[in-house]
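The structure appears right after this line, and notes come after that.
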Amino acid sequence: LTVTFPGLQPFELPAELLRVASPSAEVQGHSPEQRVTVPGKRNVAILNIEPVGNYAVRITFDDFHDTGIFTWNYLHTLGHEKDARWSVYLAELAEKGLSRDR
């Protein structure tokens, strides 16, 4: 997904990052302690993107996850923090014995 904000370079956000960083309660939980590390999404794809008012989009992935509402602010944050969040995700997978493939 490419997201462009006025006056900024476009952000390229891979489907896998969007899926594993989904703002849904299913992934984020209701507190930081409940956040889930989502494995097996290396090849996940985006099926659909639909606007939610003027403030967000709902992304449907090919694993049928569609409960996250990605606000423009959240997408902007993901764009700025993409590399750091990706590194943390890979470290969490390794620490938990999980894989991007399963």
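Following our numbering, the numbering of the sequence shown begins with 1 at its first residue and continues without gaps.
In this text, a Cβ means the ideal position worked out from N, Cα and C, and glycines have one as well.
In whole angstroms, what separates the C-alpha of residue i from that of residue j?
i    : j   : result
V20  : D63 : 12 Å
P104 : L93 : The structure shown has nothing for residue 104, since the chain only spans 1 to 102.
V57  : F11 : 15 Å
E95  : R85 : 15 Å
On a CA-only basis, which of the options is nearest residue i? Give me that one, please.
i   : options             : result
L8  : T77, G68, F61, V57  : T77
Y55 : D66, N73, S31, K96  : N73
G68 : V3, L18, A84        : L18
A25 : R102, H65, Y89, G79 : H65
L98 : K82, R42, G79, E81  : R42
I believe residue i touches residue j by the beta-carbon criterion, under 8 Å. Please report the beta-carbon distance rounded to the nearest angstrom.
i    : j   : result
R100 : P23 : So it is not a contact: roughly 20 Å between Cβ atoms.
I46  : F70 : About 11 Å; that fails the 8 Å criterion.
V44  : E16 : 6 Å
Helix, strand or coil: how does DSSP classify residue i here?
i   : result
T71 : strand
A56 : strand
L47 : strand
T4  : coil
Is residue i near the ligand COA, in the sense that its beta carbon is under 6 Å from a heavy atom of that ligand?
i   : result
P23 : The ligand COA is absent from the structure shown, which contains no ligand whatsoever.
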